[in-house]
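Worksheet for the structure shown next.
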Amino acid sequence: MNFNDVNFDTYFKNYPNEKGYFGPYGGSYIPDELQAAMNEITESYFTICKSRKFINELRRIRKEFQGRPTPISHLERLSTKLGNVQLYAKREDLNHTGAHKLNHCMGEALLAKYMGKSKIIAETGAGQHGVALATAAAYFGLKCDIYMGAVDIKKQAPNVARMKILGANVISVTDGLQTLKEAVDAAFAAYAREYKDAIYCIGSCVGPHPFPMMVRDFQSIVGIEAREQFVEMTGELPDAVVACVGGGSNSMGMFSGFLNYPVDIYGVEPLGRGPKLGDHAASLTYGTEGIMHGFNSIMLKDENGEPAPVYSIASGLDYPSSGPEHAFLRDLGRVKYDVVDDEETIDAFYTLSRLEGIIPAIESSHAVAYAIKLAKKMGKGSILINLSGRGDKDMDYIIEKYGIRDVE
Ligand SMILES: *Cc1c(COP(=O)(O)O)cnc(C)c1O
Numbered sequence: 001m002n003f004n005d006v007n008f009d010t011y012f013k014n015y016p017n018e019k020g021y022f023g024p025y026g027g028s029y030i031p032d033e034l035q036a037a038m039n040e041i042t043e044s045y046f047t048i049c050k051s052r053k054f055i056n057e058l059r060r061i062r063k064e065f066q067g068r069p070t071p072i073s074h075l076e077r078l079s080t081k082l083g084n085v086q087l088y089a090k091r092e093d094l095n096h097t098g099a100h101k102l103n104h105c106m107g108e109a110l111l112a113k114y115m116g117k118s119k120i121i122a123e124t125g126a127g128q129h130g131v132a133l134a135t136a137a138a139y140f141g142l143k144c145d146i147y148m149g150a151v152d153i154k155k156q157a158p159n160v161a162r163m164k165i166l167g168a169n170v171i172s173v174t175d176g177l178q179t180l181k182e183a184v185d186a187a188f189a190a191y192a193r194e195y196k197d198a199i200y201c202i203g204s205c206v207g208p209h210p211f212p213m214m215v216r217d218f219q220s221i222v223g224i225e226a227r228e229q230f231v232e233m234t235g236e237l238p239d240a241v242v243a244c245v246g247g248g249s250n251s252m253g254m255f256s257g258f259l260n261y262p263v264d265i266y267g268v269e270p271l272g273r274g275p276k277l278g279d280h281a282a283s284l285t286y287g288t289e290g291i292m293h294g295f296n297s298i299m300l301k302d303e304n305g306e307p308a309p310v311y312s313i314a315s316g317l318d319y320p321s322s323g324p325e326h327a328f329l330r331d332l333g334r335v336k337y338d339v340v341d342d343e344e345t346i347d348a349f350y351t352l353s354r355l356e357g358i359i360p361a362i363e364s365s366h367a368v369a370y371a372i373k374l375a376k377k378m379g380k381g382s383i384l385i386n387l388s389g390r391g392d393k394d395m396d397y398i399i400e401k402y403g404i405r406d407v408e
């Protein structure tokens, strides 16, 4: 299939299909007992989340609790420095808790409440998803079990503290390497035991159907707002839209507002230390088709066909695959995927901080770095960056490892 085989006017009606496929990617590859629970979530999603009542309640929460709509900022000093291209940022760093993740966590937790569940379950790696979900659980008065590798618990003390203050139960996973992969397995096992009272809340556009679709739909508020705001500010559409891609939720949210418009779309993956396997997490750029964590997508594999060890300076991008919809959009050629490395990312982190007074998350700095390169290439026009989160969480590490960097 290519670009011309897909009608983007009816895209959201046709993708995913009823089995959760975006072309060949997606689906649900999980044990039978979990499949029954997933089917319950899928059915509830279509009945509950499409209801007026749910939509209105979520809209009110987004406004009164999350602080939406988040603004778009014109990055004037950065644009002037680069030449004639105008750069803009959609400020998800100003969303409550400092990143886009709360957009889908509030949706998932509200769904749990409407389904009559008393608990939400998830895993977390660096703790960002855990904190967003613990926030949503506190807001709705739900119990919250967060599975986290023992090694990650030691590394991510501030996020562990946040989750505990918010009332979540942080469960230490001591199997295997004691990191994200083991935490995923433990959380799935807990869900299989507890699905009558709990739902599992995935933290990105990954996992078995319906999560890639559901998380995209909850994140689509970013793209819808951004398109309207951008047109209101400038009188036209941006020429290009840029977002970083880990599992792919902030990017799918942004991209879904522009797929059916004449806008170039770029997904930015982390090249880390370089293109050798193990030194990066650029799954769509270097990976091949495979199944992991319950879904079929493009992934980085080791010599045994298992998910490969990956690296990125950004813990939120440190995942050996990306959501199935990204794999599909890549094959179609509708979104172009490209990479930036750690060095370019650190430069962009300091550039945005110094020139604009915005300290970006190290994940979002990947998108900024790419937009800077793209602006030089384009020479004229406009670029809208999805600034997925704020960088407070990254400051100590960056200063320790890279020192304070000057910006010319
Ligand atoms: C988690 C995270 C990401 C990566 O996740 P996606 O699902 O790819 O969006 C990006 N930016 C920030 C700030 C994050 O916390």
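Residues in the sequence shown are numbered consecutively from 1, following full-length UniProt numbering. All C-beta atoms in this analysis are idealised placements derived from N, C-alpha and C, irrespective of residue type, glycine included.
1) From what residue to what residue does the beta strand (DSSP E) around H129 run?
2) Please state if the CB of A134 and the CB of L180 are separated by a distance shorter than 9 Å.
3) Could you pull the DSSP bridge partners for Y21 from this structure?
4) Alpha carbon to alpha carbon, what distance is there between D302 and L94?
5) Between which two residues does the alpha helix (DSSP H) carrying E43 extend?
6) To the nearest angstrom, report how far apart I41 and N159 are at their CA atoms.
7) Which ranges would you report for the beta strand (DSSP E) in the stretch 201-238 if only whole runs of at least 3 residues count?
8) When the distance is taken between beta carbons, is I199 closer than 9 Å to M115?
9) Could you check the C-alpha separation between R91 and G248 for me, to the nearest Å?
10) Among M148, E356 and K155, which one has its Cα closest to the Cα of G176?
11) Going by other Cβ atoms of all chains shown within 10 Å of its Cβ, with 16 needed for buried, is Y397 buried or exposed?
12) Can you tell me whether DSSP reads I358 as helix, strand or coil?
13) Below 9 Å between beta carbons: does that hold for residue 430 and L284?
14) I'd like to know whether the C-beta atoms of V206 and Y370 end up nearer to each other than 9 Å.
15) List, from N- to C-terminal side, the alpha helix (DSSP H) runs of 4 residues or more that fit wholly inside the stretch 313-360.
16) Can you tell which of S44, D331, G141 and H280 has its C-alpha closest to the C-alpha of H366?
17) Would you call the stretch 347-361 and the stretch 48-56 in contact, with 3 or more CB pairs under 8 Å?
18) Using the rule of at least 16 other Cβ atoms within 10 Å of the residue's Cβ for burial, across every protein chain shown, is M213 buried or exposed?
19) Can you give the beta carbon distance from I346 to R390, rounded, assuming they're within the 8 Å contact cut?
20) Check whether the stretch 289-300 and the stretch 219-229 are in contact - that is, three or more C-beta pairs closer than 8 Å.
21) In terms of alpha-carbon separation, which member of V263, K50 and L82 lies closest to L110?
22) Fully enclosed by the stretch 145-181, which alpha helix (DSSP H) runs are 4 residues long or longer?
23) Assign M38 to one of two classes, buried (16 or more other C-beta atoms within 10 Å of its C-beta) or exposed (fewer than that).
24) Roughly how many angstroms lie between the CA atoms of R330 and Y337, to the nearest whole one?
25) With distance defined between alpha-carbon atoms, name the residue in E289, K113, K196 and D394 nearest to P324.
26) Please tell me whether, using a cut-off of 8 Å, the distance from the CB of V173 to the nearest non-hydrogen atom of ligand 1 is below it.
27) The beta strand (DSSP E) with R91 in it runs from where to where?
28) Return the CA-CA distance between A161 and V170, expressed in angstroms with no decimal places.
29) Suppose the cutoff is 7 Å on Cβ atoms and the five residues either side in sequence are ignored; what does the same chain contact list for F22 look like?
30) Between V6 and the rest of its own chain, which residues show a CB-CB distance below 7 Å, the 5 nearest in sequence each way excluded?
31) Reducing DSSP to helix, strand and coil, say where N4 ends up.
Taking the structure as given:
1) Position 129 of the sequence shown, counted from the start, is the residue given in the question as residue 129. Here H129 belongs to no beta strand (DSSP E); instead the alpha helix (DSSP H) covers Q128 to F140.
2) Along the sequence shown, read from residue 1 onward, the residue named residue 180 stands at position 180. Along the sequence shown, read from residue 1 onward, the residue named residue 134 stands at position 134. In this structure, A134 does not lie closer than 9 Å to L180 by Cβ.
3) Within the sequence shown, residue 21 is the residue found at index 21, counting from 1. Its beta-bridge partners are G26.
4) As a working mapping, residue 94 is identified with position 94 in the sequence shown. As a working mapping, residue 302 is identified with position 302 in the sequence shown. Looking at the two C-alpha atoms, the distance is approximately 38 Å.
5) Walking along the sequence shown from the start, residue 43 turns up at place 43. From DSSP, the alpha helix (DSSP H) with E43 extends over D32 to S44.
6) Counting from 1 along the sequence shown, the entry for residue 41 is found at position 41. Counting from 1 along the sequence shown, the entry for residue 159 is found at position 159. Near 28 Å, if we compare the C-alpha coordinates of N159 and I41.
7) Listed in chain order, nothing qualifies, since the stretch 201-238 has no complete beta strand (DSSP E) run of 3 or more residues.
8) Residue 115 sits at position 115 when you count from the first residue of the sequence shown. Residue 199 sits at position 199 when you count from the first residue of the sequence shown. Contact: yes.
9) Reading the sequence shown from its first residue, position 91 is the one you call residue 91. Reading the sequence shown from its first residue, position 248 is the one you call residue 248. Here the alpha carbons of G248 and R91 stand approximately 17 Å from one another.
10) Within the sequence shown, the letter at position 176 stands for residue 176. If we check each option's Cα against that of G176, M148 comes out closest.
11) Start at 1 with the first residue of the sequence shown, and residue 397 comes out as number 397. By the 10 Å Cβ count, Y397 comes out exposed.
12) Numbered from 1 along the sequence shown, position 358 holds the residue referred to as residue 358. Three-state result, I358: coil.
13) Any question about residue 430 goes unanswered here, given that the chain covers just 1 to 408.
14) For the purposes of this step, residue 206 is identified with residue 206 of the sequence shown, where counting begins at 1. For the purposes of this step, residue 370 is identified with residue 370 of the sequence shown, where counting begins at 1. No, the Cβ-Cβ distance between V206 and Y370 is not below 9 Å.
15) 324-332 and 342-356
16) Here residue 366 corresponds to residue number 366 of the sequence shown, with the count starting at 1. Of the candidates S44, D331, G141 and H280, the one whose C-alpha sits nearest the C-alpha of H366 is H280.
17) no
18) Locating residue 213 in the sequence shown gives position 213, counting from the first residue. Buried.
19) In the sequence shown, counting from the first residue as 1, residue 346 sits at position 346. In the sequence shown, counting from the first residue as 1, residue 390 sits at position 390. No, I346 and R390 are not in contact; Cβ-Cβ is about 16 Å, not under 8 Å.
20) no
21) Looking up residue 110 in the sequence shown gives position 110. Nearest option by C-alpha distance: K50.
22) 150-155 and 157-165
23) The residue labelled residue 38 in the question sits at position 38 within the sequence shown. Result: buried.
24) Working through the sequence shown from its first residue, we reach residue 330 at position 330. Working through the sequence shown from its first residue, we reach residue 337 at position 337. Each residue's Cα considered, the two are about 7 Å apart.
25) On the sequence shown, position 324 is the one that residue 324 refers to. When only C-alpha atoms are compared, the closest one is E289.
26) Reading the sequence shown from its first residue, position 173 is the one you call residue 173. Flag unset: Cβ of V173 not near ligand 1.
27) The sequence position of residue 91 within the sequence shown is 91, counting from 1. Element bounds for R91: Q86 to R91.
28) Locating residue 161 in the sequence shown gives position 161, counting from the first residue. Locating residue 170 in the sequence shown gives position 170, counting from the first residue. Going from the Cα of A161 to the Cα of V170 covers about 10 Å.
29) Here residue 22 corresponds to residue number 22 of the sequence shown, with the count starting at 1. Closer than 7 Å at Cβ, skipping near neighbours: Y15, P16, P324, E325 and F328.
30) Looking up residue 6 in the sequence shown gives position 6. Cβ within range, chain order: L332.
31) By one-based count along the sequence shown, residue 4 stands at place 4. N4: helix per DSSP, three-state reduction.
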